[in-house]
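The next block holds one structure in the form of structure tokens; read it before the comments.
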Amino acid sequence: MSGMQVQEKKTVTLGSLWRDKKSRGVIMQIIAVIGIMLFLGNIFSNTVENLDRLGVKVGFDFLTEPANYDINQTLIEYDSSDSHFRAGLVGLLNTLLVAGCGIIVATFLGFTAGVLRLSNNFVLSRLMQVYVEITRNVPVLLQILLWHGIIIHSLPVPKKAEAIMDVVFATNRGVFLPQPIPQEGFGWVWIALLIAIVFAVLFKRYANKVQEQTGKLIPAVWIGAAAVIGLPTIVFLLAGAPIEMSYPALKGFNFKGGFVIKPEFMALWFALSLYTGAFIAEIVRAGIQSVNHGQTEAAHALGIRPNFTMRLVVIPQALRVIIPPLISQYLNLTKNSSLAIAIGYMDLVATIGGISLNQTGRALERMAIVLGVYLFISLFISALMNIYNKRVALVSR
Amino acid sequence: MKKLLPIAVSLAALTAMNVSASTLEDVQARGVLKCGVSTGLAGFAAPNDSGQWEGLDVDLCRAVAAAVLGDSEKVEYVPLTSKVRFEVLKSGEIDVLSRVTTWTFTRDASLGLNFAGVNYYDGQGFMVPAALGVTSAKGLDGASICIQTGTTTELNAAEYFKLNGMTYEPVPVETSAEGRQNYIAGRCDVYTTDASALAAQRSVFEDPTAHIVLPEIISKEPLGPVVRHGDDQWLDIVKWSHNAMLNAEELNINSKNLDERAANAKDPAAQGLLGSNEAKLGAMLGLDKQWAYNIIKQVGNYSESFERNVGKSTALKLERGLNALWTNGGIQYAPPLK
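Chains L and S, in that order, give the protein sequences. Counting the first sequence from 1 gives a position; this note's numbering is that position plus 175. Counting the second sequence from 1 gives a position; this note's numbering is that position plus 1.
Shown next as structure tokens:
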């Protein structure tokens, strides 16, 4: 051992290190890392120096100061005397709301359009092709502006709005719906719902077991659905229907009461869902086509009905191809929601990165917050989807 | 992300480059003044039919260019949204910001910027369609209000409605064009911004008479040019370019009579301003003798600029009001040229 060390000492010179392929690689990497660190350090120190010379303070203390502005769509209590931090939180929730609703609708649209595009029905498949090609090839910002324009120009102002079924009003300031307000005793309904869901899950497991052992099919999905809907309804009626409806009514300039979906939200939601839905449709189509036709033929030869062939043979295999690019689409939709600012939807960028920024001028800190939050949301979605991907991925046996 | 790009670019500039100490030297070496203006606000800064920028704010840029470069046309106009304006100025991409910017304590004290005077005294007002039948801002409880985001306007509206115990739905808009579209479509009942900007917006409506500006003015909005901290000479130049126009009006010197006044040896005040006697006012600013002469010759005095851009003969039809000289009952008051 000691002899070897002596030998190594003799041979190791700078030249020999450089000639050795492995050590040269390490040296190059170290140089690259040092170079990047120096570059970032230079940027950082330059920034601090420039800001210091301009007399600008750096810090996050502004977050606790009152925001002093109002926001029109708030999922949590908010008042203009609340802090910039809370205003940012309102914005973040608005971002999550539109991203969540967008992902749900885009997925539904995408899967429908993707499957229908492969349908043997000529009109249906062409129709889906037209949808995909048009929405996919127009910038999403223009689509958002277009939807917003359509909504505010085509729907009537509140004073001219006519009721749909006496209680719903579609105006260019939003769609006003009656809102159920839970009264005392409504908690039992939530408990009933929870019990029903647990029952449905357990029953489905039991049904699967029965099917594995005896081959007997139990319509567990239908029974589960009936339980989830039926049990809370029965409890609701037993509790004496503890709910009060708040109906929208025109008072002065606007409708008061009820529940409102703002035109800015609708425009953003529609545009993002349609745009991302088109991409998802293509991903789904590619996924289905990637499954060898022999699989379908084999399933048919075994006498499996086309409906079951799709659900039990084709889709599970297609999902392996679909899920990874689907993650990217979800992330894109979430990030594209920052285009909200173009139509005045008060999302994260419009609150903490917009109005608050202008009131306090701390651009660097605010952009850092916004970037950090988007990064966190994206990584979170990625992580969730990767867990799902692991479940559907090909397991080598 | 489109709107974030200018911020990102200026942040990149802020991080990468060291802004030179003397703006005057930079501008003279470059041969052109970079002036940040509105993205299009009639009467203050907007391109005319032939693509030339015009307006009260534009005239201030032209005055500085005339003083520094001797030619009021040597200006590069950089249209900026309200949100990016300060970052762009701080990063050194523009030399002066002349963009209906309200002088407030926070902006002056915490942004590393200096305000170089007030070229228009404004206040926030409300515009409503005449058909709405509203005659006072107190009758706006429950209304939807279009507000340009990233401005003091939002704070004033929030404060006013809170103080008067009224509710409203804020409809934030990014540009004045977007605000017009929302307002005309009826997305909002009320349009609120500075009274001068309301007049500017109204002047481009199909039927300006169908809209009225309510009598309440809910805020003080002194609008003026802004420069970076740390270059006092440049601050003085911008400040006195504006003051020269005011003093010229007070001395009754305009673009038509200035040669005659400059030649009149019995008129020392005019000769001092126009650089035709021994007074070396220009040299004290680091400029040549003709600095103010060039401003008045090429841009005019404050009254000429006001009447040409926003006055009675224009579509905006604004009164001088607060912006009259102190000698005429207004508050425009320039320190003496002594």
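Glycine included, C-beta positions come from ideal geometry on N, C-alpha and C. Note that the structure is a prediction, hence the values are computed from the model and not measured.
Residue i classed as buried or exposed, judged by whether at least 16 other C-beta atoms fall within 10 angstroms
i      : result
L:V223 : exposed
L:T346 : buried
L:V396 : exposed
S:N19  : Note on S:N19: pLDDT 48, under 50, position unreliable in the model; no value is reported.
S:Y334 : exposed
L:V208 : exposed
S:P336 : exposed
L:P333 : buried
L:H323 : buried
L:M420 : exposed
S:L275 : buried
L:Q248 : buried
S:N329 : exposed
L:T188 : exposed
S:R203 : buried
S:M286 : What sits at residue 286 of chain S in the sequence shown is Leu, not Met. That one is buried.
L:E540 : buried
S:S73  : buried
S:K281 : exposed
L:R566 : exposed
L:H475 : exposed
S:A284 : exposed
L:I366 : exposed
S:I297 : buried
S:T152 : buried
L:F237 : buried
L:P481 : exposed
L:S191 : exposed
L:S294 : exposed
L:R199 : exposed
Beta-carbon spacing of residue i, residue j below 8 Å
i      : j      : result
S:K91  : S:G118 : no
L:M303 : L:A456 : yes
S:L342 : S:S197 : Residue numbering for chain S in the displayed model covers 2 to 339; residue 342 of chain S lies beyond these limits and cannot be assessed.
S:D123 : S:L224 : yes
L:Q358 : L:P394 : no
L:Y244 : L:S255 : yes
S:E170 : S:S137 : no
S:E155 : L:I530 : yes
S:M246 : S:A64  : yes
L:V496 : L:G462 : yes
S:T82  : S:E179 : no
L:P438 : L:F351 : no
L:V315 : L:A446 : yes
S:V33  : S:K75  : yes
L:I518 : L:L449 : no
Chain-ordered chain S contacts of residue i [CB-CB under 8 Å]
i      : result
L:M521 : P173
L:P394 : By Cβ distance, chain S contributes nothing, its closest Cβ being about 48 Å from L:P394, past 8 Å.
L:I530 : T150, G151, E155, P173
Within chain L, the residues that residue i reaches when beta carbons sit closer than 9 Å
i      : result
S:E94  : Correct list: empty, because the minimum Cβ distance to chain L is about 13 Å.
S:D142 : G427, F428
Neighbouring residues, chain S, relative to residue i (Cβ below 7 Å)
i      : result
L:L229 : K91, G113, R229, H230, G231
L:Y549 : Neighbours of L:Y549 on chain S: none; closest Cβ ~10 Å, over 7 Å.
L:S423 : Checking the sequence, you will find Pro at residue 423 of chain L rather than Ser. What L:P423 touches in chain S: nothing, since even the nearest Cβ is about 13 Å away.
L:A515 : Simply none; closest approach about 10 Å.
L:Y244 : E155, L156, A159
Any chain A beta carbon closer than 8 Å to residue i
i      : result
S:D190 : Although the question refers to chain A, the structure presented lacks it and instead comprises the protein chains L and S.
Residue i: contacting residues in chain S (beta-carbon distance under 9 Å)
i      : result
L:A543 : By Cβ distance, chain S contributes nothing, its closest Cβ being about 10 Å from L:A543, past 9 Å.
Whole-angstrom C-beta distance between residue j and residue i, which should lie under 8 Å
i      : j      : result
S:G126 : S:L57  : About 18 Å; that fails the 8 Å criterion.
S:N302 : S:I332 : So it is not a contact: roughly 17 Å between Cβ atoms.
S:W235 : S:L25  : 6 Å
S:L326 : S:E251 : 6 Å
L:V364 : L:V410 : 5 Å
Contacts that residue i makes with chain L (C-beta to C-beta distance below 8 Å)
i      : result
S:G301 : Under the 8 Å cutoff, chain L gives no residues; its nearest Cβ is about 33 Å from S:G301.
Residue i Cβ short of 7 Å to the ligand ZN heavy atom set
i      : result
S:F127 : For the ligand ZN, the structure offers nothing, since it holds no ligand at all.
Chain-ordered chain L contacts of residue i [CB-CB under 7 Å]
i      : result
S:S83  : N533
S:A186 : I327, H328, N347
For the segment 26-45 of chain S against the segment 94-103 of chain S, are there 3 or more C-beta pairs whose distance is under 8 Å? Segments in contact, yes.
Is there contact here, the segment 421-440 of chain L with the segment 370-383 of chain L, by at least three beta-carbon pairs under 8 Å? Cβ pair count under 8 Å is below three, so no.
Can you confirm whether the segment 271-285 of chain L touches the segment 508-521 of chain L when touching is taken to mean that 3 or more C-beta pairs between the two stretches lie within less than 8 Å? The segment 508-521 of chain L is in contact with the segment 271-285 of chain L.
Any 3 or more C-beta pairs closer than 8 Å across the segment 316-333 of chain L and the segment 168-188 of chain S: They touch, by the three-pair rule.
Across the segment 384-391 of chain L and the segment 305-324 of chain L, are there enough close Cβ pairs to call them in contact, namely three or more that are closer than 8 Å? With the cut-off at 8 Å, the segment 384-391 of chain L and the segment 305-324 of chain L do not touch.
The segment 546-557 of chain L in contact with the segment 502-509 of chain L per 3-pair CB rule at 8 Å: With three or more CB-CB distances shorter than 8 Å, the segment 546-557 of chain L counts as touching the segment 502-509 of chain L.
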